[in-house]
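Structure record follows, encoded as structure tokens.
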Amino acid sequence: MNSDERFWNASIEELKQGYVYEEAEGYYYCLICGEGFEDGEIFREEPSGRWFEARKYAGHHVKQSHGSMLDYLLELDKRQTGLTDLQKELIRGFSKKLSDQELMSLSGAGSTSTIRNHRFVLKEKAKQAKLLLAIMEMMEQGAAAPRFVPVHRTATQVDERYAITEDENAALLKQYLPKGLNGPLASFPRKEKRKIAVLRHIASFFNIGTKYSEKAVNEKLVAFWEEDYVTLRRYLIEYGFLDRSDDGRAYWVKDAADSSTGAAAPKKKDLEVQGAALKQETKAKQGKQSKQKEQIKQKAQSKTEQQEDKRKDEVKMDKAKRKQLTAEYQERERVMGVFQIKNNANGKLYIGGSTNLDALWGREQFMLNMGTHASKELQKEWKQFGSENFSFLVLETVKLDQKIRYDYKDVLDPEGRQPVDMVRQYNREVGALKEQWLEKLQPFGEKGYHAGEVSGNAE
Ligand SMILES: [Zn+2]
Numbered sequence: 001m002n003s004d005e006r007f008w009n010a011s012i013e014e015l016k017q018g019y020v021y022e023e024a025e026g027y028y029y030c031l032i033c034g035e036g037f038e039d040g041e042i043f044r045e046e047p048s049g050r051w052f053e054a055r056k057y058a059g060h061h062v063k064q065s066h067g068s069m070l071d072y073l074l075e076l077d078k079r080q081t082g083l084t085d086l087q088k089e090l091i092r093g094f095s096k097k098l099s100d101q102e103l104m105s106l107s108g109a110g111s112t113s114t115i116r117n118h119r120f121v122l123k124e125k126a127k128q129a130k131l132l133l134a135i136m137e138m139m140e141q142g143a144a145a146p147r148f149v150p151v152h153r154t155a156t157q158v159d160e161r162y163a164i165t166e167d168e169n170a171a172l173l174k175q176y177l178p179k180g181l182n183g184p185l186a187s188f189p190r191k192e193k194r195k196i197a198v199l200r201h202i203a204s205f206f207n208i209g210t211k212y213s214e215k216a217v218n219e220k221l222v223a224f225w226e227e228d229y230v231t232l233r234r235y236l237i238e239y240g241f242l243d244r245s246d247d248g249r250a251y252w253v254k255d256a257a258d259s260s261t262g263a264a265a266p267k268k269k270d271l272e273v274q275g276a277a278l279k280q281e282t283k284a285k286q287g288k289q290s291k292q293k294e295q296i297k298q299k300a301q302s303k304t305e306q307q308e309d310k311r312k313d314e315v316k317m318d319k320a321k322r323k324q325l326t327a328e329y330q331e332r333e334r335v336m337g338v339f340q341i342k343n344n345a346n347g348k349l350y351i352g353g354s355t356n357l358d359a360l361w362g363r364e365q366f367m368l369n370m371g372t373h374a375s376k377e378l379q380k381e382w383k384q385f386g387s388e389n390f391s392f393l394v395l396e397t398v399k400l401d402q403k404i405r406y407d408y409k410d411v412l413d414p415e416g417r418q419p420v421d422m423v424r425q426y427n428r429e430v431g432a433l434k435e436q437w438l439e440k441l442q443p444f445g446e447k448g449y450h451a452g453e454v455s456g457n458a459e
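Pasting the structure below:
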């Protein structure tokens, strides 16, 4: 079983702990890097120097080499977890037991009730996922359902090209590798689905956690396609099976943590050093241990300590930053006025007014992401074009007679409502201003998301 299969076959408990036991092989395997620990062996943990049996050690390995499983799972692509960036951020916050108030200022959400909505939506998603899991399990117990080949966790784009059953996969490999699974290729497939099947097979010849020189990569690929191994190499990178250093001197099997943003990238190097050190450790038990190996271990160890220090600093900074953000938020003056949301792909406009422009874009995005925005037309295109195609702009603000601040004592009553009469008056002003802008920009028909004054209107 390869590492991706193990990952996707793991139970919820196993995903949380980060390793699985393969009974047939008598090994505990790390779900992240695939490193195996034979049952019955004992392993020495650094830096404590204590000895652990394989199961316990596998747990230590996960924590020491990869950190928290929660972070790892959250770093997986949106397509794998189905979670938006905002949801991921909130989950991190919930898991740190931040208050709704703190989360509100961190995420830019408009109110604590928005945060409560998010919590609710996540719980509903979990319920759905649980039911779906039960349904799928029953479905698979029924008629001989086709078994799908697992999608590699670092796939750059997951879609129907990846929907391939094990039988289909085997038949394809037989067709393209008539002389056997070690190559050469009879031809290189043009169709995407076949291409992916072939690339996946070739990628399985590379070990997770090993660094390959370009020459070593080429040597492996030549066996499959002598005349154009360079194309193969490029495809393996393009489709997210392999990764390489910027100078092109080192290649490795892409790690899921790499697919997230830059921050995770340097971790990879540390992992490799640590991974190497752990392998050395196993061998060392058999007797020999050279000075060089010792040095690698020390290096890995001091790296771990540095990482730990860095992490602590980051936590401290996080706290300070949160405090500062909350304070700034409360000090900010309230801004009222008219805004536009623009679809940059087709230029269509949505015009709105608000007595609380500051947190507004966050709120609008929240509603659009949840599919609950008041404008049906805008909602439709938000889904169709994707959030990245929309931009937000404040068109004009209303002059306020007095400064209304965000410290909750004067803006909100104890139930969290705004002093009604004051806001009502401003509401009228904002409404009038919005009318002026509708007049000016004419966001109707082809030009916007507002219904009503389409062509033929008397003006
Ligand atoms: Zn591992």
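Just so you know, UniProt numbering puts 208 at position 208 of the sequence shown, and the rest follows in order with no gaps.
Backbone N, C-alpha and C define an ideal beta-carbon position, used for all residues, glycine too.
All values reported here derive from a predicted model rather than from experimental measurement.
Exercise for the section: Please classify V149: does DSSP put it in a helix, a strand, or coil? Expected result: coil
Exercise for the section: In the DSSP assignment, find the unbroken beta strand (DSSP E) run with W361 in it and report its ends. Expected result: No beta strand (DSSP E) contains W361, which is instead part of the alpha helix (DSSP H) from L360 to M370.
Practice task
Within the same chain, show all residues whose beta-carbon is closer than 7 Å to that of V335, passing over the 5 residues directly before and after it, in chain order.
Solution key: L357, D358 and T397
Practice task
Determine the burial state of M104: buried for a count of at least 16 other Cβ atoms within 10 Å of its Cβ, exposed for fewer.
Solution key: M104 counts as buried, since no fewer than 16 other beta carbons sit within 10 angstroms of its beta carbon.
Exercise for the section: Work out the CA separation of E364 and S391 for me, nearest whole Å. Expected result: Their Cα atoms are separated by approximately 11 Å.
Problem - Sub-8 Å separation of Y426 and T355 beta-carbons - result: yes
Practice task
Determine the closest residue to Q175 out of R194, S107, T165 and I164, with distance taken between C-alpha atoms.
Solution key: R194
Exercise for the section: Please check the pair L74 and K88, which I expect to be a contact at CB under 8 Å, by giving their CB distance rounded to whole angstroms. Expected result: 5 Å
Problem - Cβ contact check for the stretch 19–26 and the stretch 165–181: 3 or more pairs under 8 Å - result: no
Practice task
May I ask which residues mark the beginning and end of the beta strand (DSSP E) holding residue 480?
Solution key: This structure cannot settle anything about residue 480, because the visible part of the chain is limited to 1 through 459.
Practice task
Drop a sphere of 10 angstroms on the beta-carbon of F120, count the other beta-carbons inside from all chains shown, and report buried for 16 or more, exposed for fewer.
Solution key: exposed
Exercise for the section: Tell me whether T84 sits in a helix, a strand or coil according to DSSP, three-state version. Expected result: coil
Practice task
In angstroms with no decimal places, state the Cα-to-Cα distance between N182 and D243.
Solution key: 22 Å
Practice task
With distances taken Cα to Cα, identify the nearest neighbour of P184 among I202, K211 and G18.
Solution key: I202
Practice task
With DSSP collapsed to three states, give me the class of G448.
Solution key: strand
Problem - 8 Å Cβ shell around E14 - same chain, five flanking residues per side excluded - result: The beta carbon of E14 is closer than 8 Å to those of V20 and L31 in its chain, skipping five residues each way along the sequence.
Handout entry: Contact the stretch 127–142 vs the stretch 154–170: 3+ CB pairs below 8 Å
Key = Too few Cβ pairs lie closer than 8 Å, so no.
Handout entry: Beta-bridge pairing of C33 - partner residues as DSSP gives them
Key = BP columns for C33 are empty, so no partner.
Practice task
Could you tell me how far apart the beta carbons of I42 and E53 are, in whole angstroms, since I believe they sit closer than 8 Å?
Solution key: 6 Å
Problem - Proximity test, V149 beta-carbon vs ligand 1 heavy atom, cut-off 7 Å - result: No; taking the cut-off as 7 Å, the Cβ of V149 has no heavy atom of ligand 1 nearer than that.
Exercise for the section: Under 6 Å Cβ to Cβ from Y57, same chain only, skipping five residues before and after it: list those, please. Expected result: F37 and F43
Handout entry: Range of the contiguous beta strand (DSSP E) that encloses G352
Key = Where G352 is concerned, the enclosing beta strand (DSSP E) stretches over L349 to S354.
Problem - Cβ pair Y449, K383 closer than 8 Å - result: no
Problem - Under the three-state DSSP convention, the category N343 falls into - result: Note: N343 maps to strand in three-state DSSP.
Handout entry: Any alpha helix (DSSP H) of 4 or more consecutive residues that is wholly inside the stretch 44–96
Key = 54–61, 69–75, 78–81 and 85–95
Handout entry: Contact set for F205: own chain, Cβ-Cβ below 6 Å, skip 5 residues either direction
Key = K220
Handout entry: I351 versus S387: straight-line alpha-carbon distance, rounded
Key = 17 Å
Exercise for the section: Check each candidate in Y235, Q436 and V230 and name the one with the smallest Cα separation from R190. Expected result: When Y235, Q436 and V230 are compared, the shortest CA-CA separation from R190 is found for Y235.
Handout entry: Whether Q101 touches G59 by CB criterion (8 Å)
Key = Their beta carbons are not under 8 Å apart, which means Q101 does not touch G59 by this criterion.
Exercise for the section: Report back the beta-carbon spacing between L395 and V338 to the nearest angstrom; my notes put them in contact at under 8 Å. Expected result: 5 Å
Practice task
Would you kindly work out how many angstroms separate the C-alpha atoms of K267 and P47, rounded to a whole number?
Solution key: Because the pLDDT at K267 is just 38, under 50, the model does not fix this residue reliably, and the point stays unresolved.
Handout entry: Beta-carbon separation (whole angstroms), N343 vs E377, contact threshold 8 Å
Key = Not really, about 10 Å apart at Cβ, beyond 8 Å.
Exercise for the section: Identify, in the order they occur along the chain, each residue of the same chain with its Cβ nearer than 7 Å to the Cβ of L70, setting aside the five sequence neighbours on each side. Expected result: Taking L70 as the centre and dropping the five residues before and after it, the same chain places the C-beta of S95 closer than 7 Å to its C-beta, in chain order.
Exercise for the section: Run the CB neighbour count on G110, radius 10 Å, all protein chains shown included, and call it buried at 16 or more, exposed below. Expected result: buried
Exercise for the section: Could you spell out where the beta strand (DSSP E) holding F205 opens and where it closes? Expected result: Where F205 is concerned, there is no enclosing beta strand (DSSP E), given that its DSSP letter is neither H nor E.
Exercise for the section: Sort S187, N117, V253 and E5 by Cα distance to E227 and report the nearest one. Expected result: S187
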